[in-house]
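K.L.:
Let me give you the structure first, and then I'll get to my questions.
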Amino acid sequence: MRNLRLAARLLARQPIFTLTAVLSIAVGIGANTAIFTAVNTLLLAPPAGIARYGEMVDIGRTTNGQGFDTVGYQTFLDVRARAHGFAGIAGYTLEPRPISLASAGSAERIFGQQTSGNFFEVLAVQPHLGRLFTSADERLGVKNPIVVLSHALWTSRFGADAGIVGRALTLNGEPFQVVGVTPPGFTGTSVLKPDVWVPMTAMAPGLADDELLRSRRSNWMVMIGRLAEGGRIAQAQSGLDAVMAQLRAEHPDTYERRGLRAAAASRIPGVSGMVGGFMAVLMALVGLVLLIACVNLAGMQLARAASRGREIAVRLALGASRRQIVGQLLMESLILCLVGGVLGFAAGQWMVTALWGLLPPLPFPLALDFTPDLRVLLFTAAASIAAGLLTGVVPALQSTNPSLVPALKDDAKAPARMRMRHLFVGGQLALSIVLLLAALLLLRAFKSALDIHPGFDSAHVVTASLDLRIAGYTEASAQPFYRDLLARARAMPGATHAALAIQTPLDGSRFGMGEVRTPDLPDDRQIQPDWNIVSPGFFELLRMPMAEGRTFTEADRDGAPRVAIVNERFAALAWPGQSAIGKRLVIDRGDLTIVGVARDARLHIIGNPPQPYLFVPIYQQPFLRAELLVRHDAALASAAMAAPVRQMVRAANPYLPVVATSTLAEVAAFGMVPQRLAATLAGTLGAAGLVLAAIGLYGLMAYAVASRTREIGIRQALGADAGTIVRMFVRQGMTLASIASAAGLALGLALGFAIQSLLFGISPVDPLAVGGTMGAMLLVGLAASYLPARRATAITPLAALRAE
15 MRNLRLAARL LARQPIFTLT AVLSIAVGIG ANTAIFTAVN TLLLAPPAGI
65 ARYGEMVDIG RTTNGQGFDT VGYQTFLDVR ARAHGFAGIA GYTLEPRPIS
115 LASAGSAERI FGQQTSGNFF EVLAVQPHLG RLFTSADERL GVKNPIVVLS
165 HALWTSRFGA DAGIVGRALT LNGEPFQVVG VTPPGFTGTS VLKPDVWVPM
215 TAMAPGLADD ELLRSRRSNW MVMIGRLAEG GRIAQAQSGL DAVMAQLRAE
265 HPDTYERRGL RAAAASRIPG VSGMVGGFMA VLMALVGLVL LIACVNLAGM
315 QLARAASRGR EIAVRLALGA SRRQIVGQLL MESLILCLVG GVLGFAAGQW
365 MVTALWGLLP PLPFPLALDF TPDLRVLLFT AAASIAAGLL TGVVPALQST
415 NPSLVPALKD DAKAPARMRM RHLFVGGQLA LSIVLLLAAL LLLRAFKSAL
465 DIHPGFDSAH VVTASLDLRI AGYTEASAQP FYRDLLARAR AMPGATHAAL
515 AIQTPLDGSR FGMGEVRTPD LPDDRQIQPD WNIVSPGFFE LLRMPMAEGR
565 TFTEADRDGA PRVAIVNERF AALAWPGQSA IGKRLVIDRG DLTIVGVARD
615 ARLHIIGNPP QPYLFVPIYQ QPFLRAELLV RHDAALASAA MAAPVRQMVR
665 AANPYLPVVA TSTLAEVAAF GMVPQRLAAT LAGTLGAAGL VLAAIGLYGL
715 MAYAVASRTR EIGIRQALGA DAGTIVRMFV RQGMTLASIA SAAGLALGLA
765 LGFAIQSLLF GISPVDPLAV GGTMGAMLLV GLAASYLPAR RATAITPLAA
815 LRAE
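Note that the working numbering has the sequence shown beginning at 15, numbered continuously upward.
Spelled out as structure tokens, the structure:
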């Protein structure tokens with residue numbers, strides 16, 4: 015406590031030093047807290063309402079030992095019945111499905127999740143009202159339209175009505191009985207947020223039907239299990255391997271290359287490794303900023319201790335132990351970093367909110383709560399204490415080196431002390447180079463991705479997601495509705511084109527409808543393209559040119575010859591050097607004749623090159639889920655078109671709610687979220703690192719000038735001019751900056767290769783990024799060296815000789 019009181023008084027007497035130190039540490043700790051908050055929310059914090067979450071494991075399908083994917087309902091039933099090492103295994107649909115909730119002559123869109131009957135039992139969730147599903151609620155072939163409401167929907171939509179249990183709701187046009195309400199905060203096991211839960215066997219329109227439930231080839235649900243008491247994942251994996259061996263023997267055609275893998279439960283099953291790797295890159299970047307801030311503060315502490323050299327020497331001479339003085343100096347460092355940690359904790363919450371705001375609108379609800387918990391608080395406290403020790407211990411030990419005579423003489427030019435300061439500042443400059451190079455690489459990669467032309471025009475296009483199943487449509491009744499909808503859309507004020515597609519370009523997903531055979535190719539060279547089912551006008555709306563042939567027309571309907579359009583990549587692989595027009599493809603539903611070849615376009619993710627693609631007309635390949643695309647006049651804002659599109663769909667069918675609306679540009683931006691986040695964060699942190707490096711070098715050169723005042727006066731008295739003095743100090747600063755830059759560049763290039771997966775079209779040794787980094791650092795070095803050097807020329811010989 016004595017050290018604490020003394021440290022507080024001493025720091026209060028130097029407000030500029032204290033404020034600078036606290037703010038520099040706050041920036042570093044705030045950035046680390048922000049990213050760790052995201053890591054905690056996505057990867058560490060257990061979902062609310064699930065008891066003993068550490069016992070839960072995700073179970074995913076592998077192919078040839080790779081991947082972590084979905085399974086079919088029949089596979090789930092076998093695994094649940096046969097696998098050993100589990101207290102229970104449940105199944106659910108990962109992505110919440112849009113559901114129509116009818117009310118007052120119209121319908122609103124909510125999201126529902128289908129689960130096995132034992133889902134809530136395996137998770138050990140207790141109801142808030144009524145009851146939750148049980149194993150008795152799931153019977154294959156027996157329709158069971160019951161529903162459990164989320165606490166959030168029950169509160170917002172039904173006013174927390176305690177009499178909701180037993181009431182009937184109309185979902186997807188059919189009555190469902192409410193049996194219970196989940197506890198507050200419960201949203202399931204993933205980051206996605208359902209409004210309601212229905213059994214796998216509910217079998218209402220738009221949900222899993224009997225055919226899907228009985229199919230072994232369809233894969234559409236995920237599994238989660240609870241380990242048996244005292245069990246381990248390795249034991250559970252052995253049980254899964256045994257089940258798959260049995261299934262491969264019973265159904266060799268279906269399970270020949272398949273397996274199952276158990277992994278610790280995650281809120282992002284299947285992609286936790288990929289997300290974790292991306293978050294590790296971000297943590298490395300913010301860790302560099304904190305390290306730079308620590309090195310900067312250590313240098314400042316060393317300079318401050320040097321100015322207190324006589325005071326410390328007197329204390330030692332009067333009998334104070336080195337341990338006492340080191341403790342006192344460490345307390346000062348800890349106070350600075352703990353205060354910086356408090357500010358950084360608050361800044362971190364603002365930063366994570368700002369990063370979340372960079373995301374484009376999402377087509378599905380997320381249950382992400384970035385409110386800091388005890389884990390985040392402990393991380394911030396640990397980072398603050400570690401920073402305090404890291405920044406204080408070396409200056410404290412260096413300044414208490416028991417060499418009393420030079421200190422009592424105020425010999426501020428002790429070589430060891432200067433070497434230590436050079437080491438700190440050089441390390442800070444090298445780390446800043448690493449951070450700045452990573453920032454420029456990511457920024458260059460992001461700009462490169464934005465500059466890539468996808469092969470179509472995404473500007474001024476609004477999209478509306480529709481799922482006709484929730485309004486009771488069939489494949490036959492969907493055809494006239496699609497025609498009516500397109501006619502209404504094209505007649506909207508400001509609309510120039512309208513079309514339908516199953517896949518929105520650049521949404522990051524892929525779609526297929528079974529095997530495609532090209533008779534002209536041998537079996538070992540068959541092409542497996544991505545599919546899209548589109549309406550007439552699709553290519554015209556996107557302004558996607560045709561290389562040859564024609565686009566789809568209204569004549570391409572049921573009963574007419576079945577046709578298809580391929581892209582140039584498909585045509586070149588299937589019929590090199592030949593025209594694709596008139597060629598034949600074979601699919602499950604019959605032959606297709608190629609009538610057009612579209613120019614290659616990037617339709618999956620902007621960073622991926624064009625892949626083989628196959629388009630078929632929606633009137634010949636009916637589908638009950640579609641995206642309505644409307645191109646509008648350039649004078650109108652896309653945001654202003656979203657509401658009219660929704661109103662137009664409501665006018666066409668009031669019981670068909672729009673699942674989501676967006677712009678095509680926003681859809682394309684969603685695929686660039688990792689690059690956008692990394693580039694924005696790295697750019698901001700790179701600028702912060704550059705500022706800290708400039709401060710550190712400036713402080714070193716200012717200290718060098720101050721410590722050599724007498725020498726400067728003597729040089730001037732002997733005839734040295736201002737230019738000579740300036741060149742002497744600039745040469746010293748630039749030498750240090752050059753050596754540090756070379757070391758930092760080597761480390762930065764190594765980091766560039768480590769994050770190469772985020773660099774679209776950019777090499778880790780990109781000349782502009784490398785040149786910009788070195789140029790910026792040399793300019794900073796020049797400015798930070800020149801300014802103190804100019805101040806040195808203002809010293810008169812007489813004042814310099816009297817300075818000591």
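Quick reminder that beta carbons are idealized off the backbone N, C-alpha and C, glycines included. Keep in mind the model is a prediction, meaning the values are calculated, not measured.
Three or more C-beta pairs closer than 8 Å, one from the stretch 565-585 and one from the stretch 662-670: is that the case here?
P.N.:
No, because fewer than three Cβ pairs between the stretch 565-585 and the stretch 662-670 fall closer than 8 Å, the two stretches do not touch.
K.L.:
Nearest-angstrom Cα distance between ALA768 and THR196?
P.N.:
Roughly 44 Å between the two C-alpha positions.
K.L.:
State the start and end residues of the unbroken beta strand (DSSP E) segment that holds TRP545.
P.N.:
TRP545 -> beta strand (DSSP E) spans 544-548.
K.L.:
In three-state DSSP terms, what is HIS646?
P.N.:
Three-state result, HIS646: strand.
K.L.:
Using CA atoms only, rank isn't needed, just tell me which of PHE470, LEU678, ALA62 is closest to PHE553.
P.N.:
Selected option, being the one with the closest Cα: PHE470.
K.L.:
Taking PHE384 and VAL366 to be in contact with their CB atoms under 8 Å, please state how far apart those CB atoms are, rounded to whole angstroms.
P.N.:
So it is a contact: roughly 5 Å between Cβ atoms.
K.L.:
Quick one: what's got a C-beta closer than 7 Å to ASP780's C-beta in the same chain, skipping five residues either side?
P.N.:
Only LEU455, ARG458 meet the Cβ criterion.
K.L.:
Can you give me the C-alpha to C-alpha distance between ARG153 and PRO374, rounded to a whole angstrom?
P.N.:
Approximately 41 Å between the Cα atoms of the pair.
K.L.:
Where does ALA312 sit, in a helix, a strand or coil, going by DSSP?
P.N.:
Looking at ALA312 - three-state DSSP - the assignment turns out to be helix.
K.L.:
Counting only runs of 3+ residues fully inside the stretch 532-606, write out the beta strand (DSSP E) ranges in chain order.
P.N.:
If we require 3 residues or more, the beta strand (DSSP E) runs fully inside the stretch 532-606 come out as 544-548, 560-563, 577-581, 598-601.
K.L.:
DSSP state of TYR211, grouped into three classes?
P.N.:
Here residue 211 is Trp; the residue named in the question, Tyr, does not match the sequence. Three-state DSSP puts TRP211 in a strand.
K.L.:
Compute the Euclidean distance between the alpha carbons of ALA718 and CYS308, then round it to the nearest angstrom.
P.N.:
So the alpha carbons of these two residues sit roughly 21 Å apart.
K.L.:
Under a three-way DSSP split, which group does VAL419 fall into?
P.N.:
Model confidence at VAL419 stands at a pLDDT of 44, short of 50, so the residue's coordinates are unreliable; what they give is reported in the following sentence. Helix, per DSSP.
K.L.:
In chain order, which continuous runs of the beta strand (DSSP E) of length 3 or greater are located wholly inside the stretch 493-531?
P.N.:
List check, beta strand (DSSP E) in window: 509-515.
K.L.:
Check whether the stretch 477-491 and the stretch 795-808 are in contact - that is, three or more C-beta pairs closer than 8 Å.
P.N.:
Output reads no: the stretch 795-808 does not touch the stretch 477-491.
K.L.:
Bridge partners for ARG111 per DSSP, in chain order?
P.N.:
According to DSSP, which records beta bridges pairwise, ARG111 is partnered with GLY126.
K.L.:
Does the pairing of the stretch 122-141 with the stretch 209-220 give three or more beta-carbon distances under 8 Å?
P.N.:
Judged by Cβ distances under 8 Å, the stretch 122-141 makes contact with the stretch 209-220, as three or more pairs qualify.
K.L.:
What are the boundary residues of the beta strand (DSSP E) that includes GLU188?
P.N.:
188-195 is the span of the beta strand (DSSP E), which, as asked, contains GLU188.
K.L.:
Helix, strand or coil: how does DSSP classify LYS427 here?
P.N.:
Here the model assigns LYS427 a pLDDT of 45, short of 50, so the residue's position is not dependable and the matter cannot be decided.
K.L.:
Tell me the residue span of the alpha helix (DSSP H) that contains ALA768.
P.N.:
736-768 is the extent of the alpha helix (DSSP H) around ALA768.
K.L.:
Helix, strand or coil for MET70, going by three-state DSSP, please let me know.
P.N.:
Correct three-state label for MET70: strand.
K.L.:
Run through DSSP, which three-state label would LEU380 get?
P.N.:
If DSSP states are grouped into helix, strand and coil, LEU380 belongs with the strands.
K.L.:
Tell me the DSSP secondary structure of ALA360 in three-state form.
P.N.:
Looking at ALA360 - three-state DSSP - the assignment turns out to be helix.
K.L.:
May I have the straight-line CA-CA distance separating GLY402 from ASN310, to the nearest angstrom?
P.N.:
Spanning the two alpha carbons is a distance of roughly 12 Å.
K.L.:
Count Cβ pairs between the stretch 35-55 and the stretch 172-191 that sit closer than 8 Å; are there 3 or more?
P.N.:
Touching, no.
K.L.:
Check whether the Cβ atoms of GLY362 and ALA48 lie closer than 8 Å to each other.
P.N.:
A contact, by the Cβ cut-off of 8 Å.
K.L.:
Measuring alpha carbon to alpha carbon, tell me which of GLY713, ILE541, GLY697, VAL139 ends up nearest ALA783.
P.N.:
Of the candidates GLY713, ILE541, GLY697, VAL139, the one whose C-alpha sits nearest the C-alpha of ALA783 is GLY697.
K.L.:
Between which two residues does the alpha helix (DSSP H) holding GLY105 run?
P.N.:
Counting along the chain, GLY105 falls outside any alpha helix (DSSP H), though it belongs to the beta strand (DSSP E) covering 100-106.
K.L.:
Using the C-alpha atoms, what's the distance from HIS511 back to LEU33?
P.N.:
If I take the Cα positions, the gap works out to 59 Å.
K.L.:
Could you check if ASP572 is buried or exposed, using at least 16 other CB atoms within 10 Å of its CB as the buried criterion?
P.N.:
Exposed is the call here.
K.L.:
Ends of the beta strand (DSSP E) at THR675?
P.N.:
It spans 674-677 - the beta strand (DSSP E) in which THR675 sits, taken as one unbroken run.
K.L.:
Could you compute how far the alpha carbon of ALA400 sits from the alpha carbon of ALA95?
P.N.:
The alpha-carbon atoms of ALA400 and ALA95 are separated by roughly 51 Å.
K.L.:
In whole angstroms, what is the alpha-carbon distance linking PHE82 and MET235?
P.N.:
About 12 Å.
K.L.:
Along the chain, where does the alpha helix (DSSP H) that runs through PRO266 open and close?
P.N.:
266-269 is the extent of the alpha helix (DSSP H) around PRO266.
K.L.:
Which two residues bound the contiguous alpha helix (DSSP H) that contains PRO658?
P.N.:
Here the alpha helix (DSSP H) through PRO658 covers 652-666.
K.L.:
Which of helix, strand or coil does DSSP assign to GLU641?
P.N.:
GLU641 falls in the strand class under three-state DSSP.
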